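Residue numbers (full-length UniProt numbering), protein chains in the order written: chain A, 1 to 183; chain B, 1 to 183.
2 protein chains.
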Amino acid sequence: MSAEINATAASLLGFLHDGPMTGWDLVARAEQTIGPFWSLTKSQVYRELAYMADHGLVTPGETGRRDAKPYTVTDAGRAAFAEWAARGPGEGTIRLPLLLFVTLGRHLQPGLLRSVLSEQRARQAELLKQYLGLRQVLGEREDTDPHVLATLEYGITVARATVRWIDRLPPEVGARETPHTRR
Amino acid sequence: MSAEINATAASLLGFLHDGPMTGWDLVARAEQTIGPFWSLTKSQVYRELAYMADHGLVTPGETGRRDAKPYTVTDAGRAAFAEWAARGPGEGTIRLPLLLFVTLGRHLQPGLLRSVLSEQRARQAELLKQYLGLRQVLGEREDTDPHVLATLEYGITVARATVRWIDRLPPEVGARETPHTRR
DNA sequence: TCATGCATGTAAGAGGTTACATGATTCG
DNA sequence: CGAATCATGTAACCTCTTACATGCATGA
């Protein structure tokens, strides 16, 4: 049994399966391939890399230009990754501030929820446009990993669903003092 | 300017706008009305209640049966809530382990991703069924807050979208060693 | 030479989870 | 009387964010 790792470390190990990378590379890679669904900061990355190096899951290579320190995944690292994967993705904690906002809409200043929703709609529509553009580009390349494309597809699906959800919200949502509030 | 509060405290304050509640009540209420999109634990609830009582945003009432201590929101509390609301919901950090899993699918044991996806599909379908039943029940009652209903509607929309997304995934997703992996 | 991008890290604090500990009340 | 539910809280730990600090390399 190898060292236990968390999902953050596992994501780094996963990326390292494609070859040695520096912390900086990893941040960029995560941002590009799964940014919208898996946030991580450089602080976390350097911490997890240090932890993993300590436990022999990765080995630092020679420092290249500009102090770049590439890490390579070891056999133990691959084993730890496989163990993490075998545990499955779990349910994960979901915290969507927008939904909290909507739920509490009854107690917000008149108009606030409405403006927040229209802003969100614009944001999601913009995101959708970007995703569609990206799909176009990636879809044309032959070396695109279908898994990455699938993630993108999820983004498209959800962005689209969110926009439609906002459009179909009843007019009472965002209105002040819905009947049942009175007591 | 009143004390700064975080989204967790704000959610509690929001719920308290409907009348005094104990920590226990708040946990239950959150679970019921927004559970799937806004997780919180009792540890957090008691911590935030203590903090807010300290800062005069809520006042504990007399201990009722079984040590139940109901909290009432104060004017300062309402002000703090309004300030939080004025800041808007922000973008929020999203971390969906399933999507990370899919992204890294190329490096998973053959079949693992496939089984994870089919399990997720079942889970989402089950969730969808529950949501639809709940909508039926809540929709018939006249005192249902349309905002709560709207949140539920989002759950339905996304669950449905997720199921369809899984159903439409190309066969390569979950398969071992897609062409571009070879180097 | 100066701004930008590459590159690594530390420190402090906020937020969130899990396990532990305790006790009252109700219902069967 | 015993199990389930109600009810509060603490302690330890993990994770994540933000701000700070440093320095090299490249290109305009």
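Beta carbons: idealized from backbone N, C-alpha and C, even for Gly. The structure presented is a predicted model; accordingly, all values stated were derived computationally and were not measured.
When C-alpha distances from T162/A are compared across A50/B, E172/B, I166/B and A150/B, the shortest belongs to A150/B. The three-state secondary structure of T72/B, taken from DSSP, is strand. When DSSP assignments are scanned along the UniProt domain "Transcription regulator PadR N-terminal" (12–83) of chain A, the uninterrupted stretches of beta strand (DSSP E) that are 3 or more residues long and fall wholly within it turn out to be 58–60 and 71–73. With contacts defined by Cβ atoms closer than 8 Å, F15/B and L99/A do not form a contacting pair. DSSP, reduced to helix, strand and coil, places R106/A within a helical segment of the structure shown. In this chain, the alpha helix (DSSP H) harbouring A125/A covers L112 to E140.
Spanning the alpha carbons of T41/A and G88/B requires a straight line of approximately 23 Å. For a cut-off of 8 Å, the C-beta gap from T72/A to L57/A is around 10 Å, too long to register as a contact. For P146/A, the uninterrupted alpha helix (DSSP H) run begins and ends at P146 to D167, by DSSP. Straight across, the Cα-Cα distance linking A50/B with L13/B is about 13 Å. Looking only at D167/B, G105/B, L132/B and T144/B, the smallest Cα-Cα distance to P146/A is reached by G105/B.
A straight line joining the alpha-carbon of E48/B with that of T8/B spans about 8 Å. Using a Cβ-Cβ cut-off of 8 Å, P110/B does not count as an interface residue toward chain A, since no Cβ of chain A sits closer than that to its own. Interface flag for A85/A against chain B is set, since a Cβ pair is found closer than 8 Å.
Bridge partners of R95/A according to DSSP: W38/B. Of the residues R121/A, Q120/A, E62/A and Y46/A, the one whose Cα lies closest to the Cα of W24/A is Y46/A.
Contact between T157/A and W165/B holds, with the beta-carbon distance rounding to 5 Å and staying under 8 Å. Neighbours of L57/B in chain A, taken as residues at a C-beta separation under 8 Å, are lacking, since the least C-beta distance is about 14 Å. At a cut-off of 8 Å, the C-beta of E172/A has a neighbouring C-beta in chain B. Pairing L113/A with R121/A, the inter-Cα distance amounts to about 12 Å. The three-state secondary structure of A3/A, taken from DSSP, is coil. DSSP places A175/B outside both helix and strand once states are collapsed to three, so it counts as coil. A distance below 7 Å between beta-carbons, with the five flanking residues on each side excluded, links L134/B to the following residues of its chain, in chain order: L152.
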